[in-house]
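Peer 1: I'd like to ask some things about the structure below.
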Amino acid sequence: MNPGKRNKKTGRKHSGITHSPEEKRNAAGKRGRDNYGKNTDSENTTDRNTITADTVTEAVCVPGTKYGCTRKENANAGKPKHRLNSCIPPGPLKDKWNHLASHLPQLTPEKRNISNIIVAGGGLAACATAAALAEQGYNVRVITRLESPRRESTSYLRGGLNASRNYANDGDSDERFFRDTMEYGGWRSREADVYRMVQLSGRVLDICTALGVPFIREDGGLLLPRPYPGGTTSRSFQARGQTGRQLLNAFHSALMRQTARGKAVIYGRREMTELVICGGQARGLITRNILNGSFEAWTADAIILACGGYSDIYNSVPTPVNGGINPLWAAYRAGAGFANPCFSLTLNGNNSRWQTVPEYYNASQRCSGGLWTDYLLRTTIPGLFAAGESNFSVHGADCMPGNAPLQELADGLFIIPATLGAYLAEVQPRPVNEKHPAFEKAMKHAVEKKNRLLNIKGRVPPEEFHRRLAGLMRERAGFIRYSYRLQQGLRELRQLREEFYNNVLVPDINCCNTAYETALKTSVYLDFGEILIKDAILRRETCGAHFRMDYSTDGNISKPDEEANVRVWFREENRWHKNTPYREGLDIPVSEPLKFTVRKVYSGKDYVRSRASAGGGHGRNR
Amino acid sequence: MEGTGKTFSVQLRIWRQSNRHAQGHMVQYQVTGITPGMDFLDVLEKLNERLLLRGEDPVVFEYNCREGSCGTCGLIINGDVHGPGQNTVTCRLKMKNFNPGDIITVEPWRIKSFPVIKDLAVDRTALDRILEAGGFISTSLGGAPEANSLSVPKEDAEEALTAASCTGCGACIAACPNGSAALFIAAKLAHLSLLPQGAPERNARTISLVRAAQKEGFGPCCNNGACEQACPRGIKKDLIAKMHSAWIKAILSDR
Chain Y
93 MNPGKRNKKT GRKHSGITHS PEEKRNAAGK RGRDNYGKNT DSENTTDRNT ITADTVTEAV
153 CVPGTKYGCT RKENANAGKP KHRLNSCIPP GPLKDKWNHL ASHLPQLTPE KRNISNIIVA
213 GGGLAACATA AALAEQGYNV RVITRLESPR RESTSYLRGG LNASRNYAND GDSDERFFRD
273 TMEYGGWRSR EADVYRMVQL SGRVLDICTA LGVPFIREDG GLLLPRPYPG GTTSRSFQAR
333 GQTGRQLLNA FHSALMRQTA RGKAVIYGRR EMTELVICGG QARGLITRNI LNGSFEAWTA
393 DAIILACGGY SDIYNSVPTP VNGGINPLWA AYRAGAGFAN PCFSLTLNGN NSRWQTVPEY
453 YNASQRCSGG LWTDYLLRTT IPGLFAAGES NFSVHGADCM PGNAPLQELA DGLFIIPATL
513 GAYLAEVQPR PVNEKHPAFE KAMKHAVEKK NRLLNIKGRV PPEEFHRRLA GLMRERAGFI
573 RYSYRLQQGL RELRQLREEF YNNVLVPDIN CCNTAYETAL KTSVYLDFGE ILIKDAILRR
633 ETCGAHFRMD YSTDGNISKP DEEANVRVWF REENRWHKNT PYREGLDIPV SEPLKFTVRK
693 VYSGKDYVRS RASAGGGHGR NR
Chain L
4 MEGTGKTFSV QLRIWRQSNR HAQGHMVQYQ VTGITPGMDF LDVLEKLNER LLLRGEDPVV
64 FEYNCREGSC GTCGLIINGD VHGPGQNTVT CRLKMKNFNP GDIITVEPWR IKSFPVIKDL
124 AVDRTALDRI LEAGGFISTS LGGAPEANSL SVPKEDAEEA LTAASCTGCG ACIAACPNGS
184 AALFIAAKLA HLSLLPQGAP ERNARTISLV RAAQKEGFGP CCNNGACEQA CPRGIKKDLI
244 AKMHSAWIKA ILSDR
């Protein structure tokens, strides 16, 4: 398992972006016409931002030995070569987390009492993380966009909460839940992360019940799990179509208990715009106060992003109005890797996912991708953690109904509290204050961006641009994707960005400047859309909510790869582009190969065959 | 939706107030190009785009999910909380409820404890402060008992769920002539106290929530039932009666 050996292995063929000569030749043969007779040569344009294999750096994934990697290794890796270490502990799947959790270094209660943590976000993951950390004694500040976490977007969730408790006696187990989840996610997630989520599901359910979530019950008074659409086992615990509301209420109340104790404070109506890095560690934020338009600096020993996703780029109902793109983009700009920027969709109440496509294809309900995190939910920036929808950890698997809240709660209640303590014990961050040059630089950047947006003084309201961008994304990078349309989308996106920078109208109002918020968000989406489309171009397969017509075998079955990859994007920024609020930069994709130890049963063609012969088996609902 | 059938115009009389301390006033605007299928909030957005182009301050109003589950939106439209009709939400209100040429008055929640932030947006953090006083079950987040070790009678669970569906939008308070938060608190108390998990803290919780509401300046219940009609979730005012009896029990008990 030494890195050199791995290097050789990753060079082997797979459909990711690290090409062997053989694969390049194949691709060249295919190029020119896709299945639909459309010209795909545009992949060859010489534009600076066009993706070629040359811009792709190889990733090296070294499994951790003790409890993960030492961070020094990553810090010294050199800028262009981004190294990813997923830090998955050794040992059998089911022992990985328990073993790790009982060996992680810990902080003493006294040290926790003087550690300051910021949780950016206000939904289910943020409430759960903040409440769990505050209960351990950390001083937690929750910085959120709305006035109260009660109103956050988790409240739209209707499905249920999954737990592998087998109360229904239909043969459910951790193992079966794990396989179902991996199947549902198209084997695009790390098996260790998924297994851990599944293992924790029972405890999550216990805590939800203890906090007073009124799940549906049987006449005898015990919990009544329901089957999820198309599933074979009943493991979804529901609260009459408002599970999200009930879970959010419960964890908001848990957070309220901590605010009453004084261990947590909620700072509402603040939008995070910058992440501050001091000495290589994430040590603070710059936020914009929505009520008076001023920028504020916050320091902390560690920062947890639990701000949700970016599905608002598709502007479909119901998605969060402002979403979590600003914090995510701030982290990405500061050097965090962004993994698999794509979306997943959940179709309600119908077990055939494909028949309903025309109606639902644009209903991007959850973002599968997010900040790249290792097994310990650490991003590539030391001191910055990501929880819930903001990370990619169970990529794709979260589109299985009932898994979304489970992931958020497992991350927030158990994983972050364990790994954050380990980080602080290991790194022991030194105190910083807002006078540090890094804060001034970030503050300057935030103000500069605002001034540049205000100075455009165009004639079109920002909402109009957001609508047009969403239309473009749905049309060109929605559920059904073609290579040539994605390329076209990329060109249109750049045109739209050009137009935005020439013609957007942003008023200069301090209090509740909704138009400015929309303009800021749209300008970020215009940058983010680019990596979303580029990622879709590079993804030569059909899987989940990524239906590449030019890479689908018989129209509706995904082509399972021998090996799957996580594609992680890194951004390197240079300077402001002319007078526009755009930072010139380069998005560099890196791939982390995914290894499966339990995959073999479903490999290649046997995968399809075993699915067909299984009848109503657990593999059916892919 | 737009472009199908005839469009019409309405006059919007909107409360404009530039900040918490400023003097507010009503301003009338005409909005054209409305179809019956449009959301009421779409009309406000349409107006805002025009105001923006004219160089005026857009009207500030709040919304999030646009499907009635988050509790962010809330306006008084023609004197009705959340607009015409019972148990509605502002974000679900369609323009088919209005006639062409109507003058529609739009105001924010009018409660002392919900100060206006700007125009139609109000500060409802008072509700969070009430919950902070005890609107939770004190349990540690690490080791909870196995979920099925507690048996909850189905009817209690259902009733608790109905009470718990409160989104905290504040409509009940805005509708009450006394500005009473009784329905909001009663729903919270019913939800937590009906479940065995929340029973041990029942008395203390009842007392602290009621006192916190008084401290925040919410009035006493006036029993006129306006809250029940305004509630988008259809929470019944019977819960208030239960809260009163729980209050008496709590006061008479030792703690």
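In order, the protein sequences belong to chains Y and L. So for the first sequence, our numbering puts the first residue at 93; every next one is plus one. So for the second sequence, our numbering puts the first residue at 4; every next one is plus one. In this text, a Cβ means the ideal position worked out from N, Cα and C, and glycines have one as well.
Could you pull out every residue in the same chain whose Cβ sits closer than 8 Å to the Cβ of T689/Y, ignoring the five residues on either side in sequence?
Peer 2: What you label residue 689/Y is simply residue 597 of the first sequence in a count that begins at 1. If we look at T689/Y and ignore the five residues flanking it on each side, its Cβ neighbours are L185 and E283.
Peer 1: Would you say R127/L lies against chain Y (beta-carbon separation less than 8 Å)?
Peer 2: Mapped onto the second sequence, residue 127/L falls at position 124. Yes, contact with chain Y.
Peer 1: Determine, for T2/L, whether the minimum Cβ-Cβ distance to residues of chain Y falls below 8 Å.
Peer 2: As shown, chain L starts at 4 and ends at 258. That puts residue 2/L outside it, with no answer to give.
Peer 1: Under 8 Å between the Cβ atoms of L340/Y and E481/Y?
Peer 2: For the purposes of this step, residue 340/Y is taken as residue 248 along the first sequence, with counting starting at 1. For the purposes of this step, residue 481/Y is taken as residue 389 along the first sequence, with counting starting at 1. No; because the gap between Cβ atoms is not below 8 Å, this pair is not in contact.
Peer 1: Taking all protein chains shown into account, do 16 or more other C-beta atoms lie within 10 angstroms of the C-beta of D187/Y, making it buried, or fewer, making it exposed?
Peer 2: Counting from one through the first sequence, the residue named residue 187/Y turns up at place 95. Result: exposed.
Peer 1: I'd like the list of long-range same chain contacts for R362/Y, defined as Cβ closer than 8 Å, with 5 residues on each side in sequence excluded.
Peer 2: The count along the first sequence starts at 1 and reaches residue 362/Y at position 270. I235, T236, R237, T379, R380, N381, I382 and E388, listed in sequence order.
Peer 1: Against chain Y, with Cβ distances strictly below 8 Å, would H28/L count as a contact?
Peer 2: On the second sequence, position 25 is the one that residue 28/L refers to. Output row for H28/L: interface = no.
Peer 1: Indicate the three-state DSSP secondary structure (helix, strand or coil) for D122/L in the structure shown.
Peer 2: As a working note, residue 122/L is residue 119 in the second sequence. Note: D122/L maps to coil in three-state DSSP.
Peer 1: Under three-state DSSP, which class holds V63/L?
Peer 2: As a first step, residue 63/L must be located in the second sequence, where it is residue number 60. Coil, per DSSP.
Peer 1: Can you pull the chain Y neighbours of G138/L, defined as C-beta to C-beta under 8 Å?
Peer 2: Counting from 1 along the second sequence, the entry for residue 138/L is found at position 135. Those within 8 Å of G138/L in chain Y are S345 and M348.
Peer 1: Does the distance from the CB of P319/Y to the CB of A160/L come in under 8 Å?
Peer 2: Looking up residue 319/Y in the first sequence gives position 227. Looking up residue 160/L in the second sequence gives position 157. Cβ distance not < 8 Å, so P319/Y and A160/L don't count as in contact.
Peer 1: What are the residues of the region 464-496 of chain Y that lie near chain L, defined by any Cβ-Cβ distance shorter than 9 Å?
Peer 2: none
Peer 1: For T35/L, is the classification buried or exposed, using 16 other Cβ atoms within 10 angstroms of its Cβ as the cut-off for buried?
Peer 2: Mapped onto the second sequence, residue 35/L falls at position 32. T35/L is exposed by the Cβ-count criterion.
Peer 1: Would you mind sorting T138/Y into buried or exposed? The rule is 16 or more other CB atoms within 10 Å of its CB.
Peer 2: As a first step, residue 138/Y must be located in the first sequence, where it is residue number 46. With a pLDDT of only 34 at T138/Y, under 50, the local geometry of the prediction cannot be trusted, and no value is derived from it.
Peer 1: Taking contact to mean at least 3 C-beta pairs separated by less than 8 Å, is the region 464-480 of chain Y in contact with the region 257-272 of chain Y?
Peer 2: The region 464-480 of chain Y vs the region 257-272 of chain Y: no contact.
Peer 1: Relative to the alpha-carbon of N254/Y, which residue among C491/Y, G215/Y, G371/Y and Y574/Y has its alpha-carbon at the smallest distance?
Peer 2: The residue you call residue 254/Y lines up with position 162 of the first sequence. Ranking C491/Y, G215/Y, G371/Y and Y574/Y by Cα distance to N254/Y puts C491/Y first.
Peer 1: Give me the residue from R113/L, V213/L and G58/L with the minimum Cα distance to Q20/L.
Peer 2: In the second sequence, counting from the first residue as 1, residue 20/L sits at position 17. Answer by Cα proximity: R113/L.
Peer 1: Going by beta carbon distance, what residues of the same chain come within less than 7 Å of A426/Y, once the five residues before and after it are set aside?
Peer 2: Position 334 of the first sequence, counted from the start, is the residue given in the question as residue 426/Y. For A426/Y, where only same-chain residues beyond five positions count, the Cβ hits under 7 Å are L367, I369 and I473.
Peer 1: Report buried or exposed for K99/L, applying the criterion of at least 16 other Cβ atoms within 10 angstroms of its Cβ.
Peer 2: Taking the second sequence and counting its residues from 1, one reaches residue 99/L at position 96. Its Cβ having fewer than 16 others within 10 Å, K99/L is exposed.
Peer 1: Rounded C-beta distance between L33/Y and G621/Y? I'm assuming under 8 Å.
Peer 2: Here chain Y has residues from 93 to 714 only, and residue 33/Y is not among them.
Peer 1: Is I243/L helix, strand or coil when you go by DSSP?
Peer 2: Residue mapping note: residue 243/L aligns to position 240 of the second sequence, counting from 1. The answer is helix: DSSP assigns I243/L an H, G or I state.
Peer 1: Please determine, among G429/Y, Y276/Y and A514/Y, the residue with the shortest C-alpha to C-alpha distance to Q198/Y.
Peer 2: One-based indexing of the first sequence puts residue 198/Y at position 106. Taking only the C-alpha atoms, the option nearest Q198/Y is A514/Y.
Peer 1: Name, please, each residue of chain Y whose Cβ falls closer than 7 Å to the Cβ of S143/L.
Peer 2: Here residue 143/L corresponds to residue number 140 of the second sequence, with the count starting at 1. Near S143/L (Cβ distances below 7 Å), the residues of chain Y are E227.
Peer 1: With 8 Å set as the bound, which would you pick, yes or no: does the beta-carbon of N341/Y sit closer than that to a beta-carbon of chain L?
Peer 2: In the first sequence, residue 341/Y corresponds to position 249, counting from 1. True, the Cβ-Cβ gap to chain L drops below 8 Å.
Peer 1: From the beta carbon of A249/L, is the nearest beta carbon of chain Y less than 8 Å away?
Peer 2: Here residue 249/L refers to the residue found at position 246 of the second sequence. So, not an interface residue.
Peer 1: Looking at I235/Y and the ligand NAD, is the gap between the Cβ and the nearest heavy atom below 7 Å?
Peer 2: Within the structure as shown, the ligand NAD is missing, as the structure has no ligands at all.
Peer 1: List the endpoints of the continuous alpha helix (DSSP H) containing F343/Y.
Peer 2: Start at 1 with the first residue of the first sequence, and residue 343/Y comes out as number 251. T335 to R353 is the extent of the alpha helix (DSSP H) around F343/Y.
Peer 1: In the DSSP assignment, the beta strand (DSSP E) including Y32/L goes from what residue to what residue?
Peer 2: In the second sequence, the residue the question calls residue 32/L occupies position 29. That run of the beta strand (DSSP E) goes H28 to I37.
Peer 1: What does the alpha-carbon distance come out to for the pair V741/Y and T273/Y?
Peer 2: A question about residue 741/Y goes unanswered here, because the residues of chain Y that appear run from 93 up to 714.
Peer 1: Are the C-beta atoms of Q200/L and some chain Y residue less than 8 Å apart?
Peer 2: Position 197 of the second sequence, counted from the start, is the residue given in the question as residue 200/L. Closer than 8 Å: yes.
Peer 1: Using the three-state DSSP reduction, which class does G170/Y fall into: helix, strand or coil?
Peer 2: Taking the first sequence and counting its residues from 1, the one referred to as residue 170/Y is at position 78. Unreliable placement is indicated for G170/Y, whose pLDDT of 40 sits below 50; the coordinate value is still reported in the next sentence. In the structure shown, G170/Y adopts coil according to DSSP, grouped into three states.
Peer 1: I need the straight-line Cα distance from G229/Y to G312/Y, nearest angstrom please.
Peer 2: As a position in the first sequence, residue 229/Y is number 137, starting the count at 1. As a position in the first sequence, residue 312/Y is number 220, starting the count at 1. Taking the straight line joining both Cα atoms gives about 39 Å.
Peer 1: Can you round the beta-carbon distance between G322/Y and L249/Y to whole angstroms, since I take them to be within the 8 Å contact cut?
Peer 2: Sequence index remark: in the first sequence, residue 322/Y carries index 230 (1-based). Sequence index remark: in the first sequence, residue 249/Y carries index 157 (1-based). In fact, because the Cβ distance is near 18 Å, the residues do not count as touching under 8 Å.
Peer 1: Quick one: what does DSSP say A514/Y is sitting in, helix, strand or coil?
Peer 2: Locating residue 514/Y in the first sequence gives position 422, where the first residue counts as 1. The answer is helix: DSSP assigns A514/Y an H, G or I state.
Peer 1: Figure out for me which residue from I601/Y, V658/Y, A224/Y and L597/Y has the closest Cα to the Cα of L56/L.
Peer 2: Taking the second sequence and counting its residues from 1, one reaches residue 56/L at position 53. When each option's Cα is compared against that of L56/L, the closest is L597/Y.
Peer 1: At the 8 Å Cβ level, is G6/L part of the contact set with chain Y, yes or no?
Peer 2: One-based indexing of the second sequence puts residue 6/L at position 3. With a pLDDT of 47 at G6/L, under the threshold of 50, the modelled position of this residue cannot be trusted; read the value that follows with caution. Taking 8 Å as the threshold, the shortest C-beta distance from G6/L to chain Y does not fall below it.
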